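In the numbering used here, the protein residues as written are 484 to 928.
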Amino acid sequence: MSPNTIYLNAFWENILEKLKSELSKPSFETWLSSTKLIDFSNNKLTISVANEFAKDWLESRYSALIKSTVQNYLNEPVTLRFIAEQDQTVEMPAEAQGMNFGVLSHSLNPKYTFDTFVIGNGNRFAHAAALAVAESPAKSYNPLFVYGGSGLGKTHLMHAISHVITKNFPSMKILYVTGEQFTNEMIDSIRYERQVEFRNTYRKIDVLLIDDIQFLAGKEGTQEEFFHTFNTLYEANKQIIISSDRPPKEIPTLEERLRSRFEWGLTTDINPPDYETRIAILRKKAQLENIIVPDEIIIFIASEIQSNIRELEGALSKITAYCMLTNQPITVHLAEEILKDMLPQKNQKAISLEIIQKVVADHYKMSIQEFKQKKRTRTVAFPRQIAMYLCRELTDLSLPQIGEKFGGRDHTTVIHACDKISELRKRDPLVEKSINDILTKIKAN
């Protein structure tokens with residue numbers, strides 16, 4: 484592979500990571516995951532896609548999103564050109580071809596294997612449990628429930644399990660889906676009167692992997708369907724692997740009967756990587772991509788990016804792609820400039836719960852003491868929920884610690900507040916503006 488191809492791959496991988504966060508997992512996997520950047524010259528990106536149908540679909544529905552993502556990344560205008568690789572069948576939306584439930588093992592990411600998973604103190608137990616399940620499905624831990632923050636490797640482990648089972652037990656039927664995909668397919672099955680087909684797809688398999696199960700929170704019908712699917716598979720001694728961004732007991736409005744079943748097997752968490760693991764992850768990434776990266780750059784990235792693996796690898800891809808496209812040598816000074824939007828502010832005073840309470844109280848012209856009282860009027864409850872949400876987003880305090888500072892409230896109250904405000908930010912521009920105003924004031928304190 485030529486250096487130019489390597490750097491194009493690194494650049495495009497970083498763009499795909501950004502697009503993945505903008506789209507549902509089924510949409511991303513169907514239309515974008517297999518695309519390739521084959522040329523980038525004169526500010527024109529030439530993108531290879533599977534066939535003419537995919538080319539037309541991307542041009543009509545996703546070109547604006549791809550273009551804006553690249554332009555924001557490079558801070559300069561670009562144009563796009565899609566070319567079809569070959570004439571082959573592409574999976575079409577449910578409305579176009581009838582429903583094709585689930586994603587079988589052939590759609591798994593080939594890069595997500597146990598060999599490419601870097602083991603550290605934060606994920607050692609989860610890795611060992613995943614490997615045990617992969618080597619002996621339905622015999623070691625069933626169900627296996629893995630939880631942790633975004634970008635820490637949960638999906639990587641789930642795909643790795645699937646790869647091993649596919650290789651060692653080729654007769655087993657494996658199904659990998661997200662909580663969102665399961666929900667959407669269930670709704671479509673009702674809409675198109677295909678419930679029997681839907682249930683057969685999910686209940687006549689050997690291994691079910693469901694990612695981001697927290698998406699089922701608050702969806703009573705979906706939880707009911709998944710409850711029966713879980714029971715059918717478990718009673719037939721089939722392996723179930725589940726991932727979430729939080730442990731079962733912290734998923735809001737999750738039925739108790741599902742919560743207890745999730746805890747029947749083994750529950751394990753994944754924590755952010757420590758410094759040594761971050762170094763190892765970056766070196767592994769460079770090795771897999773055949774990229775030569777100076778040690779001082781590896782050390783710089785590992786020291787500055789501490790949140791999750793996705794951002795860590797994204798930072799490396801961004802630096803190497805930029806240097807290739809601009810034909811500049813990689814230096815720490817240049818890396819710092821390239822990553823300025825990703826790096827934490829220097830000398831920034833730590834944000835405390837007390838600062839958040841004060842700023843929110845001042846913004847809504849109320850006293851901090853009102854946060855701790857039992858009042859449930861909207862004029863008090865809504866600002867309190869915003870303050871709780873910001874405390875979870877901006878501090879390292881646990882849910883019980885936050886609840887305690889708001890009048891001894893239960894952690895479930897904090898979860899409800901966070902989920903409510905998170906949803907309102909997405910659909911109510913006034914709420915989004917208010918929170919942005921508050922954030923500006925908090926950072927100014």
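Virtual Cβ for every residue (Gly too), placed ideally from N, Cα, C.
Being a predicted model, the structure only gives us computed values, none of them experimental.
How about residue i and residue j: do their beta carbons lie closer than 8 Å?
i      : j      : result
Ile869 : Ile904 : yes
Leu799 : Ile784 : yes
Glu663 : Lys508 : yes
Thr562 : Lys594 : no
Val647 : Lys637 : no
Leu692 : Ser645 : yes
Leu506 : Ile549 : no
Ala493 : Ala804 : yes
Glu733 : Leu877 : no
Ala613 : Leu635 : no
Ile725 : Tyr717 : no
Over the uninterrupted alpha helix (DSSP H) stretch that includes residue i, give me the two end residues.
i      : result
Ala612 : 607-618
Ala547 : 546-557
Leu510 : Note that residue 510 corresponds to Ser in the displayed sequence, not to Leu. Ser510 -> alpha helix (DSSP H) spans 508-514.
Asp902 : 894-910
Lys767 : 758-771
Leu873 : 861-877
Identify the continuous beta strand (DSSP E) that holds residue i and give its terminal residues.
i      : result
Ile782 : Segment 778-787 is the alpha helix (DSSP H) holding Ile782; no beta strand (DSSP E) there.
Gln722 : 722-727
Thr750 : 749-753
Lys519 : 519-524
Arg564 : 562-567
Lys527 : 527-532
Work out the CA separation of residue j and residue i for me, nearest whole Å.
i      : j      : result
Ala927 : Glu738 : 42 Å
Val843 : Gln678 : 48 Å
Pro755 : Tyr675 : 43 Å
Pro735 : Met807 : 46 Å
Ile839 : Pro730 : 26 Å
Thr572 : Ile670 : Unreliable placement is indicated for Thr572, whose pLDDT of 36 sits below 50; no coordinate value is reported for it.
Cys901 : Arg892 : 14 Å
Phe936 : Gly890 : The structure shown does not extend to residue 936, since the chain is modelled only from 484 through 928, so no value can be given for it.
Ala833 : Ala719 : 52 Å
Asp920 : Glu500 : 29 Å
His816 : Lys823 : 11 Å
Thr529 : Phe565 : 6 Å
Leu795 : Ile788 : 6 Å
Thr814 : Ile780 : 7 Å
Gln811 : Glu559 : 17 Å
His610 : His711 : 29 Å
Pro912 : Glu906 : 11 Å
Met849 : Lys857 : 15 Å
Does any residue of chain C bring its CB to less than 8 Å from the CB of residue i?
i      : result
Phe628 : The question asks about chain C, but that chain is absent: this structure has only one protein chain.
**Asked** If we count Cβ pairs, one from each stretch, closer than 8 Å, do we get three or more for the region 759-777 versus the region 591-605?
**Response** yes
**Request:** Report the residue ranges of all beta strand (DSSP E) runs contained in full by the region 632-683; include only those spanning at least 3 residues, in chain order.
**Result:** 657-661
**Message:** Threshold first: 3 residues or longer. Then list the beta strand (DSSP E) segments lying entirely within the region 799-850, N to C.
**Reply:** none
**Asked** Any contact of the region 685-703 with the region 523-542, i.e. 3+ C-beta pairs under 8 Å?
**Response** no
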